[in-house]
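Residue numbers (my numbering): 391 to 756.
Written below as structure tokens is the structure these notes are about.
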């Protein structure tokens, strides 16, 4: 393991350097090796840490005296790495637009906040999922439906604070409202949930009787879901802010509605096209004609069958399919014809078929 460099050498100052000279030297190095300015340089973080450690020792008269007398052994294991540099933030970095406190938070731990109390961020509420089944007609036309969602909401009595009327939660004296406590040793730090407030950052001495201090209540809420035309099974609709409320009145999560489209007795979906099978008689298949068709809108449409149509042949009605989700236009209706062959025919029909066969020059065995 390489020996640690001399702190005066790191900062590039003499052993008789004064406080201002040490500050200026550190200021120059911290700007030069700031990790956010040297993202392509993997050594910048270590250089930044090295300069910060040297500054932490030499800025403090007692630590500097111990270092001058005993070297690195005299200051090994000191607590609060990065605190001094962050406390001097406005003096050393006041005319620059980046946040040194942020870089200390990322590389040296929250203990380097330099005396600034870090406010605990409100936690976001949980997202919710709801399974909604609709008909194919509803998927085509779109509609609005009301669903009832069980979820946690802010307690109406205390407004989500968890405290009884006339009282307020107090900031935890151990973690100063962060919900965490950090133990720092050199470059290493360990963060744990605050033992006193259990990570909440606050202490409720007089809890609300309605919610028993939790700040939340289980409710059932009716929510209107707008189903856009063109959805299919597996489509997911996001309704922002309709999830559960966050702890301590934090922002609510989102509601995700997953669509399930029922199978249709007549139409089969193929992307944005609809396929249905239509039976036609043998004479129409031979001679051609016009038939009426069901459509997904409930109305009937007419379609011409050309002469000589074969069974399983597919025809297309433009624009009678499913709308494109979030766009213009729609798919088509595909009609697959099934030529019906009668199982029983009358004597007259047999004679006519025989005549038809003779005219074609074929012979039918009866």
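For glycine and all other residues, C-beta sits at the position ideal for the given N, C-alpha and C.
What you are looking at is a predicted structure, and each value in this text was computed from that prediction instead of being measured.
Rounded to whole angstroms, what is the Cα-Cα separation between residue i and residue j?
i           : j           : result
residue 758 : residue 669 : Any property of residue 758 remains undetermined from this structure, which presents the chain solely from 391 to 756.
residue 749 : residue 693 : 30 Å
residue 587 : residue 550 : 17 Å
residue 564 : residue 573 : 13 Å
residue 450 : residue 415 : 15 Å
residue 717 : residue 618 : 10 Å
residue 736 : residue 678 : 23 Å
residue 560 : residue 567 : 9 Å
residue 699 : residue 714 : 31 Å
residue 654 : residue 611 : 31 Å
residue 744 : residue 696 : 24 Å
residue 603 : residue 545 : 9 Å
residue 708 : residue 721 : 7 Å
residue 635 : residue 542 : 6 Å
residue 629 : residue 526 : 22 Å
residue 746 : residue 731 : 16 Å
Helix, strand or coil for residue i, going by three-state DSSP, please let me know.
i           : result
residue 585 : coil
residue 654 : coil
residue 412 : helix
residue 710 : coil
residue 492 : Interpretation of residue 492 is limited by its pLDDT of 49, a score under 50 that renders its predicted location unreliable; no figure is taken from the coordinates.
residue 482 : Reliability of the predicted coordinates at residue 482 is poor, the pLDDT of 45 falling under 50, and the value obtained from them is presented with this limitation in mind. DSSP places residue 482 in helix when its eight states are reduced to three.
residue 636 : strand
residue 686 : coil
residue 395 : coil
residue 501 : Per-residue confidence for residue 501 stands at a pLDDT of 42, beneath the threshold of 50, marking its modelled position as unreliable; the derived number appears in the next sentence. Correct three-state label for residue 501: helix.
residue 792 : Summary: the structure shown does not reach residue 792, with the chain confined to residues 391 through 756, and so no result is reported for it.
residue 401 : helix
residue 463 : helix
residue 435 : helix
residue 794 : Here the chain has residues from 391 to 756 only, and residue 794 is not among them.
residue 730 : strand
residue 407 : coil
residue 449 : coil
residue 507 : Its pLDDT being 44, under 50, residue 507 is placed unreliably by the model, and the measurement read from it follows with that caveat. Of the three classes helix, strand and coil, the one that applies to residue 507 here is coil, per DSSP.
residue 680 : strand
residue 516 : coil
residue 735 : coil
residue 470 : Since pLDDT at residue 470 reaches only 44, below the 50 mark, its modelled position is unreliable, and the value read off the structure follows with that caveat. In this structure, residue 470 counts as coil in the three-state DSSP scheme.
residue 744 : helix
Could you name the residues of the same chain whose beta carbon sits closer than 8 Å to that of residue i, not counting the 5 residues immediately before and after it, in chain order?
i           : result
residue 728 : 667, 668, 669, 670, 701 and 702
residue 674 : 681, 695 and 699
residue 394 : 462
residue 554 : 548, 596, 597, 598 and 599
In the DSSP output, what is residue i paired with across the bridge?
i           : result
residue 371 : Nothing about residue 371 can be read from this structure; the chain reaches only from 391 to 756.
residue 705 : 725
residue 666 : 725
residue 648 : 521 and 626
residue 615 : 535
residue 597 : 553
residue 417 : Answer is none; residue 417 lacks a bridge partner.
residue 561 : 592
residue 580 : 573
residue 695 : 679
Ignore the nearest five residues each way along the sequence and tell me which others in residue i's own chain have a CB closer than 7 Å to its CB.
i           : result
residue 437 : 423
residue 400 : 440, 441 and 444
residue 402 : 415
Enumerate in chain order the residues of its own chain whose CB-to-CB distance from residue i is below 6 Å, with the five nearest sequence positions on each side excluded.
i           : result
residue 726 : 667 and 704
residue 647 : 520, 522, 615 and 627
residue 535 : 615
residue 419 : 441
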